[in-house]
Ligand code: OGA
Ligand code: MN
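Residue numbers (my numbering): 888 to 1102.
Dropping the structure here:
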């Protein structure tokens, strides 16, 4: 039995796995409690004020570059060794997701990386896939939102482009409301961040398998 339950009484990790398997994505509201949201958003604000955020790039290693036509959010990587109680608690929660996915989906996830992200009003991230062309270690993308009282008219949705049978595609529009987790297959699901009229804060990361080095 899992400790984290959804309001309907279904363990949220069960729901998450069912939705990921069936649809390539899952949305879990209240994944973060209001207390967790407020401690993490305070930390994000402190790090932003301290100048820790950088303009985000695209690609990895030799393919890495910054292209403001594709994305123009700012990010700050979370330190895996952090002793901040909010971060320790977050990683503990993510560990729970990893071990559940490994038990139920035989995913062999062995590492992860997460960053804070801050989209200024008007910032965006055009349609993309999170898995890199030269490295398929990113398996599951997780985005957790930290925005209290977000309204649909403020924009800022993530659009998930969900492939259907016979080449059809549906667009799932998801607003970045506080506590919500959006989770999807990094190698399958293309998605896009639509500009917002107010600053948009999140924690984004990837559950990964250990990369296999080509010899
Ligand atoms: C990303 C991304 C989505 C979001 O950082 O790769 O797609 O909703 N983020 O912030
Ligand atoms: Mn992405």
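Don't be surprised by glycine CBs; every beta carbon is placed ideally from N, CA and C. Remember, predicted model here, so these are calculated numbers, not experimental data.
Count Cβ pairs between the segment 1004–1016 and the segment 904–922 that sit closer than 8 angstroms; are there 3 or more? no
The ligand OGA heavy atom lying under 7 angstroms from the CB of residue 1089: On the chain shown, position 202 is the one that residue 1089 refers to. Correct: residue 1089 has its Cβ closer than 7 angstroms to the ligand OGA.
Rounded separation between residue 1068 and residue 943 - CA only: Along the chain shown, one-based indexing puts residue 1068 at 181. Along the chain shown, one-based indexing puts residue 943 at 56. Between residue 1068 and residue 943, the C-alpha separation is close to 21 angstroms.
Can the beta-carbon of residue 1061 be found less than 8 angstroms from the beta-carbon of residue 1045? If you number the chain shown from 1, residue 1061 lands on position 174. If you number the chain shown from 1, residue 1045 lands on position 158. Yes, the pair counts as a contact, with Cβ atoms nearer than the cut-off.
Could you say which of 977, 993, 1023 and 1030 lies nearest to residue 904 if we only look at CA atoms? In the chain shown, residue 904 corresponds to position 17, counting from 1. The shortest C-alpha separation from residue 904 is found at 993.
Going by C-alpha distance, which of 1049, 1037 and 1097 is nearest residue 913? Numbered from 1 along the chain shown, position 26 holds the residue referred to as residue 913. Taking only the C-alpha atoms, the option nearest residue 913 is 1049.
Taking Cβ positions, are residue 1094 and residue 1026 nearer each other than 8 angstroms? Here the question's residue 1094 lines up with position 207 in the chain shown. Here the question's residue 1026 lines up with position 139 in the chain shown. Contact: yes.
Label residue 997 either buried or exposed according to how many other C-beta atoms from any shown protein chain fall within 10 Å of its C-beta, with 16 as the threshold for buried. If you number the chain shown from 1, residue 997 lands on position 110. Counting Cβ neighbours within 10 Å, residue 997 comes out exposed, since fewer than 16 surround it.
Residues bridged to residue 1030 (per DSSP): Here residue 1030 refers to the residue found at position 143 when the chain shown is read from its first residue. DSSP lists 1069 and 1091 as partners of residue 1030.
Taking Cβ positions, are residue 1096 and residue 1030 nearer each other than 8 angstroms? Numbered from 1 along the chain shown, position 209 holds the residue referred to as residue 1096. Numbered from 1 along the chain shown, position 143 holds the residue referred to as residue 1030. It is not a contact, given that the beta carbons lie outside the stated cut-off.
Return yes when the Cβ of residue 1033 is within less than 8 angstroms of the Cβ of residue 1002, no when it is not. Residue numbering aside, residue 1002 sits at position 115 when the chain shown is read from its first letter. Residue numbering aside, residue 1033 sits at position 146 when the chain shown is read from its first letter. Cβ distance not < 8 angstroms, so residue 1002 and residue 1033 don't count as in contact.
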